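In what follows, a structure is listed as structure tokens, so that the remarks can point back to it.
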Amino acid sequence: MITNINFPEGTKVTYQVGSRWDQFSSDISIDIPSPNVYGGAYTGSQLGSARELNITHSSYCYFSRCIYKPTKTEDSYNMFYNGRCYYDLIFDKETAITVQGICSGATTKGVLRMSGNFSNMQDALYSANKTRVLYLDVDTSTLVSARFRSLLNYTIVAVFGGISVKSLTNIPYSELTGYSRSKIRQITVLDIGYNTSQTSVNFSYWDWWGYNHTVAPNARQSLIDSLITHSFDRAAAGYSNCTITLSAKTKALLTEEEIAQITSKGFTIA
Amino acid sequence: MITKNFTVRVLEASEGYVLTQVEDVDVMNRVLSDRVFLGVNDSEDNWKEITAAKAAEIEKERLEKEDELKRELLK
């Protein structure tokens, strides 16, 4: 039984059969008392301001946009796991939350937009299908080590928006790709080397990082921005050396002058 | 006009060898490379050559560990 749902006047819809929900109309705001809805099916053009809705393990989610204001960090655990996700995923940024497992195994649309303040992105988008372009507006300053794993899986070609690795210590390649070679070409990684104990960062599974593509037109620039423009100057700060491992293909893209600029900031390129 | 001169020290592995860290690191953090550009604070003493066969063993060990981690992830 669903209670206390207030829809704007004129809104069509809503019925539930078992755990299945159907036919929400557009631009509605939903406030659902139950924090746990398992295996539901959701349709409509917008799931607005779902303050206490947990859509874990959803099978079918067809909203084009989800604006989510979780009240508890665990609310978002495994959201859309093995489901379908055609949303813009907009999380409230006031509180850092975990999005562990979000969209893991999910079928997403080709372009996924996700924003929020995330403290745990472990297994996010793991084995997600079809996502080729990811727009990220994410505050990653609260991320801790080993909480980034597989965010950028093999299907994603381009990421618009930077990802900060400021709070991470050493970053093995599996941290970002989830044990699979990635197709990623365009991504800007911010603050490489900022953490004093960050002495190795492995991007060797990003074989095509820096190679421009129709859906990744600024790939090479993203590589330069990551390694030169937005990397931390460890040499100037008196920090120990940090080794950045790149794929052979990506390494071959760098000019001698670019390599010199990177090494002068206290990074070894391997 | 500002003129900058950069000097980069490059280590290249000998034929049949691969460069890796001297330091004892976890297999997941083990770097295997045929060419290394040293950072200003790095030293060639931090790097050594190992045979390509030994590098292949390390790579195999890493793949096995990866599979193990992948299985754990999918549980």
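Just so you know, the sequences run in chain order A and B. Each residue of the first sequence is one higher than the one before, counting from 424 in our numbering. Each residue of the second sequence is one higher than the one before, counting from 17 in our numbering. Ideal Cβ placement from N, Cα and C applies to all residues, glycine included. Here the structure is a predicted model, which is why all the values come from computation and not from measurement.
Item, Value
"Counted within 10 angstroms of its Cβ, other Cβ atoms place glycine 585 of chain A as buried (16 or more) or exposed", "buried"
"3-residue-minimum beta strand (DSSP E) runs that sit fully inside the region 627-662 of chain A, ordered along the chain", "none"
"Min CB distance valine 38 of chain B to chain A below 7 Å", "no"
"Burial state of serine 442 of chain A (16 or more Cβ within 10 Å)", "Since pLDDT at serine 442 of chain A reaches only 41, below the 50 mark, its modelled position is unreliable, and no value is offered."
"Residue interval of the beta strand (DSSP E) (run including isoleucine 610 of chain A)", "609-613"
"For tyrosine 93 of chain B: DSSP bridge partner residues", "The requested residue 93 of chain B is not part of the displayed model; chain B covers only 17 to 91."
"Contact under 7 Å by Cβ, alanine 547 of chain A with valine 522 of chain A", "yes"
"Backbone secondary structure at methionine 44 of chain B - three-state DSSP", "helix"
"Three-state secondary structure assigned by DSSP to asparagine 618 of chain A", "coil"
"Among A:Gln684, A:Ala639, A:Trp631, A:His636, the one whose alpha carbon lies nearest that of alanine 377 of chain A", "One cannot answer for residue 377 of chain A here, as it falls past the ends of chain A, which runs 424 to 693."
"Closest by C-alpha distance to glutamate 60 of chain B, when choosing among B:Asn21, B:Leu27, B:Phe22", "B:Leu27"
"Interface residues of the region 48-65 of chain B facing chain A [CB-CB below 7 Å]", "Ser49, Val52, Phe53, Leu54, Gly55, Val56, Asn57, Asp58"
"DSSP beta-bridge partners of glycine 539 of chain A", "A:Val561"
"Any C-beta of chain B under 7 Å from that of isoleucine 682 of chain A", "yes"
"Identity of the residues DSSP links to proline 665 of chain A by a beta bridge", "According to the sequence provided, residue 665 of chain A is cysteine. The question's proline does not apply to it. A:Phe690, per the DSSP bridge assignment."
"Residues from the region 519-546 of chain A in contact with chain B, defined by Cβ distance under 8 Å", "Asp546"
"For isoleucine 579 of chain A, the nearest candidate out of A:Ile685, A:Ser623, A:Gln621, A:Arg536 (CA to CA)", "A:Arg536"
"Stretch pair the region 29-39 of chain B + the region 645-657 of chain A: three plus CB contacts closer than 8 Å", "no"
"Residue-chain proximity (asparagine 664 of chain A, chain B), Cβ-Cβ < 7 Å", "yes"
"Other residues of its chain near glutamate 82 of chain B: CB distance less than 6 Å, five sequence neighbours each side excluded", "none"
"Cutoff 7 Å: serine 687 of chain A Cβ touching any chain B Cβ", "yes"
"Glutamine 446 of chain A, buried or exposed, once every other Cβ within 10 Å from all chains shown has been counted against 16", "For glutamine 446 of chain A, the predicted structure reports a pLDDT of 38, less than 50, and the residue's modelled location is therefore unreliable. The matter cannot be settled from this model."
"Inter-residue spacing [alpha-carbon to alpha-carbon] between glycine 528 of chain A and leucine 574 of chain A", "12 Å"
"Identity of the residue in A:Thr531, A:Thr554, A:Glu517 nearest asparagine 540 of chain A by Cα", "A:Glu517"
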